[in-house]
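See structure below.
Numbering (mature numbering (1 follows the signal peptide of the UniProt record, and there is no 0)), first residue to last: -23 to -1, 1 to 249.
Here's what the structure looks like:
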């Protein structure tokens, strides 16, 4: 049960990240000021620089000279390819995307690649960090738990600001759920109605996220239920952890590309 719940949480975590990047980009663009456009460019360049720097470190750490490390080379090369593909698709005239979401998702994919490669068994010859596997294991666990906490916090904030997230097209939009505060009478003018608009909150959404996050944390601590007794001091190390991270990277890439091309495929639908 926890494995399926953890997989669902990883999927929701990706959706939350996509929602965050698009919301961040939209918020700064809507300010329509030169300062914020420059800030967008600087943030995008920083994320790209971090992405390619991390990719270079991955080649240094996980491709041992004279050894057959084609699998690691494939993972790292795919990460770079995805970063370039995100940029090209985002800048396509028909897509009209932005560099900020593309750069943030590229950096996240690079992080997933590092997280996956650093989870390789310590006796794997292509794991260049095998001498520091305990420290790397602990660091990977901390990063995984940190992203989990951030996802839970963001889901709580997002659920309180919009009920449309993760909702089907036919479901009611924000403001249609039961309000926490009573609505004033119709005799008030429009300005008073805006000031006293009720705050909506989808409790079930947050509870589901929290439950799935707990399952995911349990899987991190147990190495996706494949922990061995002789390696009990290592956390989140093993091939199951590697493949979970890499598959998550590919799902992230697919969802991001879909978020870019979906408005063209379904022009009558509202996505962001």
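We put the CB at the ideal spot given by N, CA and C, even for glycine.
Residue closest to residue i, alpha-carbon to alpha-carbon, out of the options
i: residue 225; options: 70, 68 and 92; result: 92
i: residue 82; options: 196, 182, 72 and -5; result: -5
i: residue 182; options: 218, 215 and 132; result: 132
i: residue 227; options: 26, 52, 24 and 12; result: 52
i: residue 85; options: 56, 38, 48 and 69; result: 56
i: residue -1; options: 134, 120 and 196; result: 134
i: residue -19; options: 239, 119, 190 and 122; result: 190
i: residue 229; options: 87, 195 and 76; result: 87
i: residue 29; options: 54, 39, 74 and 121; result: 54
i: residue 58; options: 32, 38 and 73; result: 32
i: residue 239; options: 123, 74, 80 and 124; result: 74
Test item: CB-CB of residue i and residue j under 8 Å
i: residue 5; j: residue -13; result: no
i: residue 36; j: residue 129; result: no
i: residue 96; j: residue 106; result: no
i: residue 76; j: residue 21; result: yes
Alpha-carbon spacing of residue i relative to residue j, whole angstroms
i: residue 145; j: residue 236; result: For residue 145, the pLDDT reaches just 39, beneath the cut-off of 50, and the residue's location in the model is therefore unreliable, leaving the point undetermined.
i: residue -8; j: residue 2; result: 14 Å
i: residue 78; j: residue 50; result: 26 Å
i: residue 34; j: residue 214; result: 20 Å
i: residue 9; j: residue 241; result: 25 Å
i: residue 89; j: residue 222; result: 6 Å
i: residue -10; j: residue 7; result: 24 Å
i: residue 244; j: residue 71; result: 12 Å
i: residue 218; j: residue -17; result: 12 Å
i: residue 233; j: residue 196; result: 25 Å
i: residue 38; j: residue 60; result: 20 Å
i: residue 120; j: residue 127; result: 10 Å
i: residue 19; j: residue -3; result: 15 Å
i: residue 151; j: residue 11; result: Residue placement at residue 151 is flagged as unreliable, the pLDDT there being 41, under the threshold of 50; the coordinate-derived value follows with that caveat. Those two C-alpha atoms are separated by around 31 Å.
i: residue 15; j: residue 125; result: 31 Å
i: residue 80; j: residue 231; result: 15 Å
i: residue 170; j: residue 48; result: Caution is warranted here: a pLDDT of 49 is assigned to residue 170, below 50, making its placement in the model unreliable, and no coordinate value can be reported.
i: residue 122; j: residue 40; result: 27 Å
Distance between beta carbons of residue j and residue i, contact taken as under 8 Å
i: residue -15; j: residue 184; result: Contact flag wrong, Cβ pair sits at about 13 Å.
i: residue 220; j: residue 98; result: Going by Cβ atoms, the distance from residue 220 to residue 98 rounds to 13 Å, so no, they are not a contact pair.
Open item on the list: Does the segment 41 to 55 come into contact with the segment 95 to 107, if we say contact requires no fewer than three beta-carbon pairs (one atom in each stretch) closer than 8 Å?
Closed with: yes
- [ ] Could you tell me whether the segment 64 to 79 touches the segment 13 to 27, using the rule of 3 or more Cβ pairs below 8 Å?
- [x] yes
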